[in-house]
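S.K.: Be aware that the sequence shown starts at 8, since it is given in this note's numbering, and climbs by one per residue. Beta carbons are placed, not taken as given, at the ideal position from N, Cα and C, and that holds for glycine. Next up is a structure, given as C-alpha cells.
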Amino acid sequence: MGTEEMKDICWILAGGPEEALPCEPVPKDAYILCADSGLRLAERLGIEPALVLGDFDSLGRLPQMPYIQAPVEKDDTDTMLAVRHGLEQGYRRFVICGAFGGRWDHSYANVQTLLFLHRHGAKGTLVGASDIITLVAEGEPAVFPYKEGFSLSVFAISEICEGVTIQGVKYPLENAFLTIYHPLGVSNAIMADTAVLSCKKGLLMVVQSRL
C-alpha cells in the first residue's frame, strides 16, 4: 500500500487484548482514531492519534489529548463511534486494528461494523494479531497478495452468493454457488503471487488467518 493510499484511509485502534498487536503495520503519519482502550494500543505502538472516542469505561481514565466522551449506556460500540466520526470527516476506507482476541460479542460486533461501512458506500478491513477480515461485494473483484504463513477463507455473508470465482489458490472455484449454510470456502491457500476473487451476486467475507 503506497503512501498516497495511506492518506485516504482512516485507521481505528480498537480495544483488543494487551497481547493482540496487529499483524499489519500501522503508519504513524496516517489519520488515526482510537476507540476507548484502543489508546493503550496506540501507546504501545508509539502512535499519537488525532482523536480518542468512547465512554472510557475500559480505559479507566480520560485521555491527555483531544477526545470525545460518550455515555456508557449508548446504542453504538466505541468502535462504531469512531467509524461514524471517520465517515463524517469524509473517509471511505477504514482499517480497524485490535478488532479480535477479546470478547466474542465485540469481535462479531466489529464484523457487523464492516457491514455498516458497506451499507454506507465505504470499505473496511479488520486486523487482529492473527486474522485479517474484509468484504468483497458483487461486481467488485478483489486481489489478495500472497502472505506467508496465512490461510485464505471465503464465506458467504449474504444468504446466497452466486458466480463466485477464486483464482491463484490451492482449491480454485469457478462460477461457484456459496451459501451461509455451508463453509465450502474455508481454509484455502494462495499459491501464486496473488489470489483474485470475484462474485456475480451477493456479499462475501474473506478471512486471512495465521497458521
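Are the beta-carbon atoms of Ile19 and Leu40 separated by less than 8 Å?
M.R.: For Ile19 and Leu40, yes; Cβs fall inside 8 Å.
S.K.: Tell me the residue span of the alpha helix (DSSP H) that contains Asn182.
M.R.: Counting along the chain, Asn182 falls outside any alpha helix (DSSP H), though it belongs to the beta strand (DSSP E) covering 180–186.
S.K.: How far does the beta strand (DSSP E) with Glu169 in it extend, from its first residue to its last?
M.R.: Counting along the chain, the beta strand (DSSP E) containing Glu169 begins and ends at 167–174.
S.K.: Need the endpoints of the alpha helix (DSSP H) that Leu211 sits in, please.
M.R.: Element bounds for Leu211: not the alpha helix (DSSP H) but the beta strand (DSSP E), 210–217.
S.K.: Do Ser205 and Ser160 have their CB atoms nearer than 8 Å?
M.R.: In this structure, Ser160 does not lie closer than 8 Å to Ser205 by Cβ.
S.K.: The alpha helix (DSSP H) with Tyr115 in it runs from where to where?
M.R.: Taken as a continuous stretch (DSSP letters only), the alpha helix (DSSP H) holding Tyr115 covers 111–126.
S.K.: Distance check for Lys130 and Thr186, CA to CA, integer angstroms please.
M.R.: Distance between the alpha carbons of Thr186 and Lys130: 22 Å.
S.K.: Check whether the region 72–87 and the region 51–64 are in contact - that is, three or more C-beta pairs closer than 8 Å.
M.R.: Yes: at least three Cβ pairs fall under 8 Å.
S.K.: Let's see if you can read the secondary structure: which residues bound the beta strand (DSSP E) around Val134?
M.R.: Element bounds for Val134: 130–134.
S.K.: Cutting at 7 Å between CB atoms, please list the residues of its own chain near Gly209, excluding the five before and the five after it.
M.R.: Excluding residues within five positions, the ones whose Cβ falls inside 7 Å are Glu145, Ala163, Ser165, Ile167, Cys168, Glu169.
S.K.: According to DSSP, is Thr84 part of a helix, a strand, or is it coil?
M.R.: Three-state result, Thr84: coil.
S.K.: When DSSP labels each residue in this structure, what does His100 get in the three-state scheme?
M.R.: One point to set straight first is that residue 100 is Arg, not His, in the sequence displayed. Residue state, collapsed to three classes: strand.
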